[in-house]
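Data block below; observations after.
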Amino acid sequence: MIIFFCLPPHTTHRTQPLDKGCFSPLKAYWKEECPDYLRKNPGKFFYRSWMKGMTMKNITSGFKITATFPFHPEVLIPDQSWHDASPRTVHSKEVAHVAASPDISFTSKEQIRFQRRLEENYDIPDACYDLWLSSISFTST
1 MIIFFCLPPH TTHRTQPLDK GCFSPLKAYW KEECPDYLRK NPGKFFYRSW
51 MKGMTMKNIT SGFKITATFP FHPEVLIPDQ SWHDASPRTV HSKEVAHVAA
101 SPDISFTSKE QIRFQRRLEE NYDIPDACYD LWLSSISFTS T
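Mapping of the sequence shown onto the working numbering: position 2 corresponds to residue 2, and the numbering continues sequentially without gaps.
Structure (structure tokens):
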């Protein structure tokens, strides 16, 4: 025998005795017990989760999805117009020509960074730093 029990719409949340009488206190006690258990058993659940989540397949997939390996800049930043960013040698004539132009400017952060490099005898080639050096020697002469 099947007895149908119908409730008015939008009233079922009021007529669920287990939700009101049991599950609400259970949820509160669960919230108390979990941190206590995790304090007493550090790493136990994390280790199992780590072993399940940090698989070679997931790691490889992460790099592939983000287009970082293999590297696909057009996927990584689709609205960025990519150009040849391969390193090239800047000749001193180019630097001197640019340094001679009065419209060259550096941000205050760049100027501070370059000043520190100068004080520390920075010797790694850097076209911007060379340009800054030329500009300060140009303005001081």
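Beta carbons are placed, not taken as given, at the ideal position from N, Cα and C, and that holds for glycine.
Nearest-angstrom Cα distance between residue i and residue j?
i, j, result
"residue 111", "residue 136", "10 Å"
"residue 124", "residue 108", "21 Å"
"residue 72", "residue 66", "9 Å"
"residue 3", "residue 54", "51 Å"
"residue 43", "residue 64", "29 Å"
"residue 5", "residue 34", "38 Å"
"residue 116", "residue 127", "16 Å"
"residue 52", "residue 118", "51 Å"
Let's see if you can read the secondary structure: which residues bound the alpha helix (DSSP H) around residue i?
i, result
"residue 105", "Segment: none, residue 105 is in no alpha helix (DSSP H) and carries neither H nor E."
"residue 142", "With the chain running from 1 to 141 in the structure shown, residue 142 is simply not present."
"residue 59", "56-65"
Determine the contact status of residue i and residue j, defining contact as a CB-CB distance below 9 Å.
i, j, result
"residue 106", "residue 133", "no"
Excluding sequence positions up to five away, which residues of its chain have a Cβ less than 6 Å from the Cβ of residue i?
i, result
"residue 39", "none"
Only counting the same chain, and skipping five residues up and downstream in sequence, which positions put a Cβ closer than 8 Å to that of residue i?
i, result
"residue 15", "7"
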